[in-house]
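Only one structure is covered here, and it is reproduced in the block below.
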Amino acid sequence: MSLEHHTEQGVDVIKLPQRLVMANAGDARNELKRIVSQGSGKLVVDLSQTEFMDSSGLAVLVTGLQAARKRDGDVYLAAMNDTIRALFQLTRLHTVFQIFDDETGALKAFSA
Amino acid sequence: MTNRIRIEIGPDDPGWNQVLQETLLPLARAAALDELAGMGLLLAIVEAINNIIEHAYQGSDGQPIALVWEQTASTIRLDLHDHGRPMPLPLPSGDLPDDPLALGGRGWHIIRANTDEVQYRRVQEENVLTLVKNLT
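Protein sequences, first through last, are from chains A and B.
Number 37 in this note's numbering belongs to position 37 of the first sequence; there are no gaps in the numbering.
Number 1037 in this note's numbering belongs to position 37 of the second sequence; there are no gaps in the numbering.
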């Protein structure tokens, strides 16, 4: 698995795949940790292409957040669909992550 | 009237949950569940199957799981059959982990939040987990 990744204004931006589930969560976790360890620790995760996520996918993002905060960074989430937003609310992870409507808003928040 | 379908899942096929989505979401819509409720039920099923792969089969490949979807006027009943290790009882309560940054422990919360009833039985060497979603 290869996450789409680019850097913008010193912030790593990654795009999650269409599905982030148990079958691909291990690879995604490793890649996310690598990106965080090699970058600034500031990360925007774009979920605009992601249709479905299970608790394994949530764990990937929590791993990324832990890695980023160890570097005094953070992980901002952008462009999640209603289903995934409901999952974050159900698991109360919406209180842990900052969630933005789109990637631009998340990048602006890092530069504020 | 009762609608009943049976799906065999090969858990070593990484696309199994997409197959479930393509099969079950139309059934959920036909049962008049709205999009969020249908996706919630699908998510509960996926979490239950994840548990079977991870715990009952301990991650070993190629082990069969069967899903039976049975819909009546008032409920959707889903029976998940596997031949792995028995599930420890009592079933998990579904409480979220105390640590909001815990890496696991959310699956049963998702299952219970998206269903109305969960039952488990062990029949001979088979586990049967039943999820019930009320339609009324």
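Where a beta carbon is used, it is the ideal one built from N, C-alpha and C, also for glycine.
query = When we look at the beta-carbon of L1129 of chain B and count the other beta-carbons within 10 Å, is it buried (16 or more) or exposed?
reply = One-based indexing of the second sequence puts residue 1129 of chain B at position 129. Under this definition L1129 of chain B is a buried residue.
Sequence-distant residues of the same chain with beta carbon closer than 7 Å to I84 of chain A, five excluded per side = Stepping through the first sequence from its first residue, residue 84 of chain A is reached at position 84. If you ignore the 5 residues before and after I84 of chain A, its C-beta comes within less than 7 Å of the C-beta of L47, T50 and M53, all in its own chain and listed in chain order.
query = What are the boundary residues of the alpha helix (DSSP H) that F110 of chain A is part of?
reply = By one-based count along the first sequence, residue 110 of chain A stands at place 110. Segment E103 to S111, the alpha helix (DSSP H) holding F110 of chain A.
ask   = CA-CA distance, G1104 of chain B and I1049 of chain B?
value = Reading the second sequence from its first residue, position 104 is the one you call residue 1104 of chain B. Reading the second sequence from its first residue, position 49 is the one you call residue 1049 of chain B. Per the coordinates, the alpha-carbon of G1104 of chain B lies some 15 Å from the alpha-carbon of I1049 of chain B.
ask   = With 8 Å set as the bound, which would you pick, yes or no: does the beta-carbon of V21 of chain A sit closer than that to a beta-carbon of chain B?
value = Position 21 of the first sequence, counted from the start, is the residue given in the question as residue 21 of chain A. Using a Cβ-Cβ cut-off of 8 Å, V21 of chain A counts as an interface residue toward chain B, since at least one Cβ of chain B sits closer than that to its own.
Whole-number beta carbon distance between V13 of chain A and V44 of chain A, since they are thought to touch under 8 Å = What you label residue 44 of chain A is simply residue 44 of the first sequence in a count that begins at 1. What you label residue 13 of chain A is simply residue 13 of the first sequence in a count that begins at 1. 5 Å between Cβ atoms; contact.
inquiry  = Using C-beta distances below 7 Å, list every residue in its chain close to D1116 of chain B, excluding the 5 sequence neighbours before and after it, in chain order.
reply    = Reading the second sequence from its first residue, position 116 is the one you call residue 1116 of chain B. Within its own chain, the residues whose Cβ lies closer than 7 Å to the Cβ of D1116 of chain B, once the five positions on either side in sequence are excluded, are V1132, K1133 and N1134, listed in chain order.
key: Assigned exposure category for S56 of chain A - 16 Cβ within 10 Å defines buried   = Counting from one through the first sequence, the residue named residue 56 of chain A turns up at place 56. Taking a 10 Å sphere around the C-beta of S56 of chain A, we find 16 or more other C-beta atoms and assign the residue as buried.
query = G1094 of chain B: which of B:R1106, B:E1035 and B:R1085 sits nearest, CA to CA?
reply = Within the second sequence, numbered from 1, the residue matching residue 1094 of chain B stands at position 94. Ranked by Cα distance from G1094 of chain B, the first of B:R1106, B:E1035 and B:R1085 is B:R1106.
request  = Tell me whether H6 of chain A is buried or exposed, calling it buried when 16 or more other Cβ atoms sit within 10 Å of its Cβ.
outcome  = In the first sequence, residue 6 of chain A corresponds to position 6, counting from 1. Per the 10 Å Cβ criterion, exposed.
query = So what does Q1071 of chain B bridge to, in DSSP terms?
reply = Position 71 of the second sequence, counted from the start, is the residue given in the question as residue 1071 of chain B. Answer is B:N1003 and B:I1076, bridged to Q1071 of chain B.
request  = Would you check if there are 3 or more beta carbon pairs closer than 8 Å linking the stretch 90-98 of chain A to the stretch 1015-1035 of chain B?
outcome  = At 8 Å Cβ cutoff, the stretches do not touch.
ask   = Can the beta-carbon of H1083 of chain B be found less than 8 Å from the beta-carbon of E1022 of chain B?
value = Taking the second sequence and counting its residues from 1, one reaches residue 1083 of chain B at position 83. Taking the second sequence and counting its residues from 1, one reaches residue 1022 of chain B at position 22. Not a contact, by the Cβ cut-off of 8 Å.
request  = Below 9 Å between beta carbons is the criterion; list the residues of the stretch 1104-1126 of chain B that meet it against any residue of chain A, in chain order.
outcome  = Against chain A - using a Cβ distance shorter than 9 Å - the residues of the stretch 1104-1126 of chain B are G1104, G1105, R1106, G1107, H1109, I1110, A1113 and N1114.
query = For N1127 of chain B, does the three-state DSSP call read helix, strand or coil?
reply = As a first step, residue 1127 of chain B must be located in the second sequence, where it is residue number 127. Strand at N1127 of chain B.
task = Kindly list, in the order they appear in chain C, the residues whose Cβ is closer than 9 Å to that of N24 of chain A.
result = As a matter of chain content, chain C is missing from the structure shown, whose protein chains are A and B.
Cα-Cα separation, I1065 of chain B to V62 of chain A = For the purposes of this step, residue 1065 of chain B is taken as the residue at position 65 of the second sequence. For the purposes of this step, residue 62 of chain A is taken as the residue at position 62 of the first sequence. I1065 of chain B and V62 of chain A: Cα-Cα distance of roughly 29 Å.
task = Leaving aside the five residues before and after I1005 of chain B along the sequence, list all residues of the same chain whose C-beta is less than 7 Å from its C-beta, in chain order.
result = Start at 1 with the first residue of the second sequence, and residue 1005 of chain B comes out as number 5. For I1005 of chain B, where only same-chain residues beyond five positions count, the Cβ hits under 7 Å are W1069.
ask   = Where DSSP assigns a beta bridge to D12 of chain A, which residues make up the other side?
value = Along the first sequence, one-based indexing puts residue 12 of chain A at 12. A:T7 and A:L43.
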